[in-house]
Each structure stands twice: as C-alpha cells, then as structure tokens.
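Residue numbers (our numbering): 24 to 523.
For every residue, glycine included, the Cβ atom is placed at its ideal position computed from N, Cα and C.
Computed from a predicted model, the values in this text were never measured in an experiment.
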C-alpha cells in the first residue's frame, strides 16, 4: 500500500482517465438514446424503453452486490493470488445461479408484467431482452477484477467506450435494414455483450487469470455472499429508486409519457459522471486505509473527492436545469417538449448526491454494509410512497420529485452512518462557496432569455459564460489549495495512457 499522498495522486490520475471515458461513454449513450427516440414514436419508444427498464433493473438485482464484494475482498487479499482466484470464482458462481433463475422467472411472468403495464407489446420486448440478464452479471463481475487491479484505462474502454460505440453501429445497421425496433433491442443487448468480451480481452492481455470452470470452496462462497448480501438488498432498493418512477409512469399514465420521461434519462445521469470516475479507485483505496485505522486520511480524502465532484458537476447541472426546454427541443424535437420540466427537477435533485460526495463507496470501504442497507431502506420507502402520491396529480414532474426526494433521504442517512463510524464528513466551506456566483450568473441569464426560443449558438454562449464564471469564482475564492492544483496538473500530464 502506498503512502496517503501517493494514493491521492493515484486517485487523481485514475479519476482523470475514468472521467474522460465516462464523459465520452455517456455522450455516446446520449447520442444513441436521442437517435432511437427520434426514429420511434414516443409511444413505441415508451414500450421498448419500459421493457428495457424492467429487465435492466432485474439485471442489476441479479448482481447481488457481488461486484463490489469481489473488489473489496480481492483488494484485501493483495499478495494472495489463490484467495483472489477463489473470491472471483465465488462471485461468478453466485451471479450465474441468480441470473439463470431470474431469466426463467422473467420468461414465464412476461405476460403478467405486460398486463400490469397495460401494454401488450411489453411482453414480446421483455423476452427479447432476456439475454441481458445473463450477460450483465457476468460482465460486471469480471469488470470488478480490473477494478481491483486498478486498471482504469482498460475498465473505462470496456465499460464506457467500446460497448456504446458498437451499440451505435448495431442500431445503424438495423436502420439500414429497415428494422428500427429490433435495432433498439440490439442496441441495448450489445452493451453487456461487448463489455464481457472487452474485459476478457484485457484480462488476457494483462495475464490476469479468470477462474472459469473452477468451483470455489464453500467457505469462500459464504464469505463473498455474507459481505455482498446486504449490498444486494441495498442495491436492489437503489435500483427501485432509480427506475420505479419509470415503471409507475407506465402504470398510472400512457406509453407516450414513459417515452418522454425515459428519453431524458441519459441527461439525468450527468451529475454521476464524476462519481464514476472518482469511485473507480476510491473503494479499494479507502478499504486499505480503513484496515490500517487511518481515519483522518479517510476524512481528508472524502472531503477532497467531494470537492472535485461538486466543482466539475455544478456548471453542467445548473446549465441543464436552467435551459432544459431549449436543450430538449434541440436534442429530441418538439414532440418531446413535455420532458423539459421533469428533466430540470431530476437534475437539480440529483446534484444533491454530489453535495454529499461518494458516500456509497465510503460505506462499503468501512464495512458498513448493514448501514448501507438501512440507509437504502429509508430512501426506498420515501421513493415508493411519494411516487404513488405524486404521479397521479403531477404526472412526470411528480415522478421526478419523488425520485430525488428518495435520493436525498438515502444520502443523509449514509452520511450520518459514516460520521458515527469514522468521524468523516464530506462538507467544507471551500467546496460550496464558489457555487453562489456561478449559480447567480446562470439564473440571471435564464431570466434574460425568458420566453425566447433559444438556438444552439445562444446555448453555447450561455454555457461558456456559466463555465467561465464558475471556474473564475473557484480560483478567486481560493477553493483550490496547493495540493489540488498539483493533482490537477499531474492528472492532465499523465492523461496519455502510455503506461497502460
């Protein structure tokens, strides 16, 4: 294990690599979703998207918390390759069993789910998406090997870049053949397939063994499962919070409304871009320092990583929140105009997650899997109750309010557990004081252009003004200390991938 300073530098380098991949990958995902939404009617897109949302949610549930368990236990077993192999094999065994059971159940209950959604076409799409339930769990577990080995470039290519690029090619070929609906299904199915193939290639390149066909000892299966099952439950509740709004819109409203709401989901993920970059190394790094009782370093890294997340996320979020009508118009066309209001609510609420930092990985690193479960439960109950109460009177805006309220409760509960366990908090004055000026600039510009139809050139000018004001306030208010500046410089100079 390196020194705290070396590990912070490593985190900055890894975060720069993964952030680049995350941004490009999510841009490709946005292009794909915009393309599919434009080629299909809102009603047809809503049917396909509802089926995919259900299957992808079940797919996340079949992970059973195992990928994070594999990262944690492999990182703790550094220097013991036999134990690492057994941990990986146990993870693959668990998700294989669970995913097969989930696939069988989905096949037989597809008709019942379609009836509940009041959309007969959902049954066919659910069955077409069944391979997703096998491919995703296997791909995510083998990806956890790269994560535990701290191979940020390989993981970014495998998770963010290559799958999205291939998926776009699949949809393009389907359009040429005159089959846009099957192309949409192929687009989403190709993502976990390419993930699995790409990770397998990199593991072979790095000569990291994958224990295929190796039956792990029972005690190792129990070890992985005992660590992972609370994460499985909490991740399941998290999936519900992420997707229950889409399902409830399908239940209470029409397929068109599902289409409007589902189309904006890639934009809703913007606040999580930096989270993904930071978390790649944060979990294994904090796990090592927690084992050594270095609580002060955990608090320092928690605050610093939160500061980076907030600084890089805020200008994008405030721009999208203030100018969502024009952005939706440009990306999706006027037929998706009803999606603008829920998009603003979702993004504003999701930014709350940035304010609290990457508390999920901190919880896992300090072994608070049960605390994670309790936190997720409080958020889950809030989400469910508010969705049922708010969707009938307020429609998609009510769904957005319910979702962000659930996340807010969840994050507050996590921070309380972290502070009680290791005394760490994500908050610092330096993190939040630059937000007031750039926020004022964004709101003022929105008022200036209120009631006008905003074009691409105007949006680019507004974006430039918001970004310039934000980073000027970060610099002028002294929110970056000497270590921050050093880490930024180091991350940029090392972003050449030459040593990977």
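Ranking 353, 422 and 459 by CA distance to the CA of residue 492 puts 459 first. Within the same chain, and ignoring the five residues on either side of residue 180 in sequence, the residues whose Cβ sits closer than 8 Å to its Cβ are 44, 221 and 225. For residue 471, the enclosing alpha helix (DSSP H) has its first and last residue at 458-471. The residues 257 and 386, in chain order, have a CB closer than 6 Å to that of residue 395 in the same chain once the five nearest residues on each side in sequence are set aside. Segment contact: the segment 427-438 against the segment 359-373, three or more CB-CB distances shorter than 8 Å; contact assigned. By the C-beta density criterion, residue 478 is exposed, having fewer than 16 other C-beta atoms within 10 angstroms.
Relative to residue 434, the option among 381, 466 and 247 whose CA is nearest is 381.
Collapsing the DSSP output to three states places residue 91 in a helix. Straight-line spacing of the CA atoms in residue 246 and residue 117 works out to 12 Å.
Note on residue 201: under 16 other CB atoms within 10 angstroms of its CB, so exposed under the neighbour-count rule.
Per DSSP, the continuous alpha helix (DSSP H) segment holding residue 105 begins and ends at 104-140. Under a 10 Å Cβ-count criterion, residue 498 is classified as exposed, with fewer than 16 other Cβ atoms of the shown protein chains found around its own Cβ. Restricting attention to 407, 235, 340 and 334, the CA atom closest to the CA of residue 260 is found in 407.
Residue 233 holds the alpha-carbon nearest to the alpha-carbon of residue 111 among 127, 480 and 233. In the three-state reduction of the DSSP assignment, residue 381 falls in the coil class. Residue 113 places its beta carbon 7 Å or farther from that of residue 85. Apart from sequence neighbours up to five positions away, the residues of its chain that approach residue 186 with a beta-carbon distance below 6 Å are 214, 217 and 218, ordered along the chain. Short of 7 Å from the beta carbon of residue 81, and not among the five residues preceding or following it, lie these beta carbons of its own chain, in chain order: 125, 129 and 156. For residue 85, the enclosing alpha helix (DSSP H) stretches over residues 65-85. Following the DSSP letters along the chain, one finds residue 271 inside the alpha helix (DSSP H) bounded by residues 241-275. Here residue 500 has 456 and 457 as same chain residues with Cβ atoms under 6 Å from its own Cβ, once five neighbours each way along the sequence are excluded. Rounded to the nearest angstrom, the gap between the Cα atoms of residue 137 and residue 361 is 25 Å. Per the C-alpha coordinates, the member of 296, 71 and 270 positioned closest to residue 148 is 71. The alpha carbon of residue 483 has as its nearest neighbour, out of 502, 339 and 310, the alpha carbon of 339. When Cβ pairs closer than 8 Å are counted between the two stretches, the segment 157-170 is seen to touch the segment 89-98, the count reaching three or more. A direct Cα-Cα distance of roughly 18 Å separates residue 91 from residue 104.
Going by DSSP, residue 235 is part of no alpha helix (DSSP H) at all; its letter is neither H nor E. Between residue 83 and residue 281, the gap from beta carbon to beta carbon reaches 7 Å or more. Where residue 502 is concerned, there is no enclosing alpha helix (DSSP H), because DSSP gives it neither an H nor an E.
Residue range 318-345 is occupied by the alpha helix (DSSP H) that includes residue 321.
By the neighbour-count criterion, in which a residue is buried when 16 or more other Cβ atoms sit within 10 angstroms of its Cβ, residue 227 is exposed. Looking from the CA of residue 506, the closest CA among 412, 356, 324 and 411 belongs to 324. Cα atoms of residue 378 and residue 432: separation of roughly 13 Å, rounded to the nearest angstrom.
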